[in-house]
Structures are given as C-alpha cells and as structure tokens.
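Protein chains in written order, with the numbering used here: chain A, 1 to 155; chain B, 1001 to 1155.
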DNA sequence: TATTGTTATACTCTATAACTATA
DNA sequence: TATAGTTATAGAGTATAACAATA
C-alpha cells in the first residue's frame, strides 16, 4: 500500500505497524494465559497505583463509561476492589487485591520475554532505537495528539 | 503500565504504540478529508494493482466476508469496479476507476506530510531507524505471526 | 450547578457459519 | 467436491447521551 515517493517513510510506517501488531498480539496471548480478556489485562497493568474510575479511563485512553464493565470483570475475578472515597463519596477508588497484584506481576513476566523477542537487538542497539524513536516523537511537538477524528458516514 | 525490570523494553513498547497511534489517527484524518471511512481508504491504498475479493482480503489482513461491504462502499462512490473474470466466473476483479486512482493519489499525498511529521528525523537518522526496526523484526524469525489468539470468555 | 460513576445505546471492526454459483 | 463471493450474525471495543448520587 505504498504511495510513490520516499520509500523510507513507507518502510518505517510498515515496520512500526508490524511491531505494534506483534506486541499487541503477544500481550493478548499473555492475557489469555491468565484467562483475562485484553481490556481487563490492560487495566490490570494500569493499576500499579490505585485510581478512580475516571483516572483509570484516562490511563486506558477511553471513555469513563467503558471502565465500568472492565472493572466489573476484574472485581468478579477478585483482582480489584471498588471502595468509596470517604472524603468524596462520588469517587470510587479501584485498588488491586493481593491476588490482583500477583496476577499483574505474572502478566508482566509472561509478557516480558515476548517483548524482548520483538525487540531482538543488542542492548546498545535497543538504546539507540529508543533514542531515535523518542527523538522522532518528542521533537515533533504535534497537535495530532487530540483524536478529534471526524468520521464520514459509511455511504 | 511498566512491569519492573528492563526499562528500555518498556520504553520501546510505549514509543512504538504511540507511533502507531499517531500514524493511524493521521491516516484516518486523511481518509476523512476525502470523506472515506478508514477501511475503505485502506482498501483503496491496497489496490495499486487490481485484485480479487480474496486477494484483497489477504492484503487487508481480514476475512473475505468483510471485504464485500468495503468494496460495496467503494463501488457506490464510483472508485472501483467489480468485474467478472472471464476465465473463472466465480472470481470478481476489483479495479480502481480513474476517479479511484485520483482519490488514491490524493489520499497518499494528504497522508505523506503527516507521516513525515511523525518520523521527524534527518534522512540518515530515518535510514538508521529503519535498519534497526528491520533487523529487530527480521532477525526475530518468530512464530507469533500466526494470530491464532485464543480469547478467554469476558467473565 | 458541576462532577463521578453508571446505564442504555449505537457504530465500527472483525470473525464464523451457512448459502449460491461456479469450477 | 472444492472454491469465490455473499449474507446473516455475533462479539469486542469504543463513543455519546441521559440519569442518580454527591459535591
């Protein structure tokens, strides 16, 4: 699906998409190994520190309305608790249980080897790759961060 | 959502995910500028050369059943034609019309500047980034390419 | 009046299974 | 019988809008 000029840009896009495809697929496999749906596994990884429902939505980059079902699932599995904040009883603090922490650690270690395999490079090369990616993204100071992405009607 | 050890791997994952997020969002914006839904725009880019429905499904990495609606949309917009292959009348050849070619070119050029902004590096740095990514992926010779990704029931 | 969380709902994307028409 | 394309359908993911409880 290349356009025409600047083949390097096309290659870069393809390579980055392919990396993401592998990383996401590997993560989903790791999640399945713990019998967790991807979204719940993702939320688990976001809960290093406790968070309100809204804060968790921010960490997951999704709407707060969607967090309810995700946390429902984690709660049913006994991996998190939902506790009312005494100082503001509108807020629910979502916190990992002991079992939740164990699951989170397992998920992380299950996935680590797979991530290392995707970035199959020497330590210096990995650092250089990180620096290049970081510079590319960091220096771009773009406004595209907002995802106000108008969709046309599917004709 | 970092685990614990090897912070470079965590950073690499984060950076790659962020790049993909921007690339995809930019592409969708480019598609919207031409009043095209993302999937139709993606199919348009895949049709440099004509393809059967099944071949197009392969290029899009999706099931053939989903291609029908995508090509329906492109056909309604007058961007592609569906023609029976005379030598095997089961097969339908999907081909860009003149307008389809113009749309495809426009889409590519609309998106090119955005891609360049995401990979905001000098030409040598871009080449080096491509080499590193390519080596990381290419040398990994992994079996993860199959996406037989078992999903647990969402409890 | 504003905010947190929830519910109901809708839309996109993608997968599976059953069907048809050709081979 | 096998294959190309289609249809119907279902599920995951994510978005918006309306609502109750609390501030």
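We put the beta carbon where it would ideally sit given N, CA and C, even for glycine.
- Taking 8 Å as the cut-off, the Cβ atoms of residue 1030 of chain B and residue 1120 of chain B do not count as close.
- With a contact defined as Cβ atoms closer than 8 Å, residue 12 of chain A and residue 1130 of chain B qualify at about 5 Å.
- Within the segment 52–64 of chain A, the residues whose Cβ lies closer than 8 Å to some Cβ of chain B are 59, listed in chain order.
- Residue 83 of chain A has A:93 as its beta-bridge partners, per DSSP.
- Rounded to whole angstroms, the Cβ separation of residue 1016 of chain B and residue 1047 of chain B is 28 Å, and the two are not in contact under 8 Å.
- For residue 1030 of chain B, no CB of chain A lies under 8 Å from its own CB, so it is not counted at the interface with that chain.
- Between residue 115 of chain A and residue 1136 of chain B, the CB-CB gap reaches or exceeds 8 Å.
- The three-state secondary structure of residue 61 of chain A, taken from DSSP, is coil.
- The closest CA to that of residue 1101 of chain B, considering only B:1010, B:1023, B:1034 and B:1028, is found on B:1034.
- The Cβ-Cβ distance between residue 43 of chain A and residue 60 of chain A falls below 8 Å.
- Following the DSSP letters along the chain, one finds residue 10 of chain A inside the alpha helix (DSSP H) bounded by residues 7–33.
- Shown here, residue 1049 of chain B sits in coil according to DSSP, grouped into three states, outside any helix or strand.
- Here residue 1089 of chain B is exposed, its C-beta having fewer than 16 other C-beta atoms within 10 Å.
- For residue 1040 of chain B and residue 84 of chain A, the gap between their C-alpha atoms comes out near 46 Å.
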